[in-house]
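Just below is one structure, and these are the notes that go with it.
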Amino acid sequence: MYTVSKTINNNAVQVYDKTGREMIIVGKGIGFSARRGDILNDDADNRVFIHKKEAEILHFIDFIPVDIIELTNKIIQKSEHHLDEKLSDSLLIALAEHISFAIKRFEKGNSDDIHIHEVQFLYLNEYDIGKRAVEYINKIKNIQLPDSEASLIALHFVNARLNNKNVGETLKLTKLSYQIANLISYHFHITIDKSSLNFSRFIIHLKLLIVRCKELQLHGMNNKSSSLIDDLKRQFLTHHACAEKIVKLISHEYNLTVPDDEIFYLTVHIERLLQVD
217 MYTVSKTINN NAVQVYDKTG REMIIVGKGI GFSARRGDIL NDDADNRVFI HKKEAEILHF
277 IDFIPVDIIE LTNKIIQKSE HHLDEKLSDS LLIALAEHIS FAIKRFEKGN SDDIHIHEVQ
337 FLYLNEYDIG KRAVEYINKI KNIQLPDSEA SLIALHFVNA RLNNKNVGET LKLTKLSYQI
397 ANLISYHFHI TIDKSSLNFS RFIIHLKLLI VRCKELQLHG MNNKSSSLID DLKRQFLTHH
457 ACAEKIVKLI SHEYNLTVPD DEIFYLTVHI ERLLQVD
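This note's numbering numbers the first residue of the sequence shown as 217 and each following residue consecutively.
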């Protein structure tokens with residue numbers, strides 16, 4: 217149960233719950249007759265609950281049609297069920313804006329058929345969500361968005377799961393990860409199973425490696441070297457050589473210094489990646 221504190225427009229009101237937490241409720245016509253102090257229940261299917269972030273939220277509500285917000289919310293709810301995971305609240309804003317602009321481009325006959333092939337190989341679950349989302353949008357809006365929208369929508373879910381600040385950063389990591397996967401394939405003359413659990417773990421490790429190196433560069437954290445590094449080099453010469461190639465790519469792309477202990481752990485993850493699940 218929520219108490220209305222302010223009407224934003226005909227389709228949105230600002231409310232607070234019994235703990236005093238503020239949020240925005242979006243729903244078609246919800247603000248038309250709402251007044252300060254009115255009580256709202258949370259049992260309406262078409263209502264979207266957004267944690268309050270003042271300027272960003274208000275801009276979002278003013279420029280994105282309420283039916284697109286509701287449609288996007290449905291997609292996110294279905295996807296959270298599919299992933300069995302609660303996603304960041306910021307996903308609603310970013311994805312609704314993307315879907316709104318995609319529909320507008322289609323209606324103007326300017327749909328971009330941009331395929332980001334790396335996504336379907338690196339992020340199988342998110343790509344599946346993207347395909348389902350496109351099918352749902354096409355059905356609800358009676359349009360025909362290009363199939364390539366699936367990978368673009370998928371990136372928003374990858375971004376939300378990685379907690380990156382923007383999709384551009386996620387796309388950069390995606391393309392780099394794909395380069396690294398190909399590098400490993402060429403180095404060991406193998407075909408990597410990109411649907412394997414070990415590969416998923418490897419991609420997560422790459423992301424965390426970059427985050428740690430950025431923190432190291434920003435805050436000057438101590439680089440804890442390991443006495444096992446020399447032994448590891450002797451035991452896994454080819455794996456370590458591959459790790460050093462990957463580090464060169466990361467250093468060039470992000471202008472980062474990758475310490476020895478990170479190369480150590482990367483070597484271990486490469487060795488695990490080559491094992492069969």
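For every residue, glycine included, the Cβ atom is placed at its ideal position computed from N, Cα and C.
Supposed contact pair residue j and residue i - C-beta distance, whole angstroms, cut 8 angstroms
| i | j | result |
| --- | --- | --- |
| residue 218 | residue 241 | 7 angstroms |
| residue 276 | residue 224 | Between residue 224 and residue 276 the Cβ distance is about 11 angstroms, and since that is not below 8 angstroms, they are no contact. |
| residue 334 | residue 350 | Actually they are not in contact, since the Cβ atoms of residue 334 and residue 350 sit about 18 angstroms apart, beyond 8 angstroms. |
| residue 399 | residue 462 | 6 angstroms |
| residue 254 | residue 220 | 4 angstroms |
| residue 316 | residue 284 | 5 angstroms |
| residue 357 | residue 319 | 6 angstroms |
Residue from the options with nearest C-alpha to residue i
| i | options | result |
| --- | --- | --- |
| residue 287 | 277, 352 and 340 | 352 |
| residue 369 | 311, 465 and 232 | 311 |
| residue 377 | 356, 354, 406 and 300 | 300 |
| residue 491 | 451, 361 and 413 | 413 |
| residue 453 | 427, 468, 482 and 265 | 482 |
| residue 468 | 487, 426, 235 and 488 | 426 |
| residue 248 | 233, 229, 237 and 239 | 229 |
Cut-off 8 angstroms between Cβ atoms - residues of its own chain near residue i, not counting five sequence neighbours on either side
| i | result |
| --- | --- |
| residue 296 | 302 and 303 |
| residue 429 | 466, 470, 472, 473, 474, 475 and 478 |
| residue 488 | 414, 417 and 418 |
Proximity below 9 angstroms, CB of residue i to CB of residue j
| i | j | result |
| --- | --- | --- |
| residue 257 | residue 243 | no |
| residue 345 | residue 323 | no |
| residue 314 | residue 372 | yes |
| residue 394 | residue 307 | no |
Same chain only: Cβ atoms within 6 angstroms of residue i, ignoring 5 sequence neighbours per side
| i | result |
| --- | --- |
| residue 332 | 367 |
| residue 421 | 485 |
Any non-hydrogen atom of the ligand FMN within 8 angstroms of residue i CB
| i | result |
| --- | --- |
| residue 278 | Among the ligands in the structure shown, none appear at all, so the ligand FMN cannot be discussed. |
**Q.** Residue ranges of each alpha helix (DSSP H) within the segment 397-484, 4 or longer
**A.** Complete alpha helix (DSSP H) runs here, min 4: 413-435, 445-451 and 453-470.
**Q.** Continuous alpha helix (DSSP H) assignments of at least 4 residues falling wholly in the segment 276-360
**A.** Correct list: 282-299, 306-323, 333-338 and 340-357.
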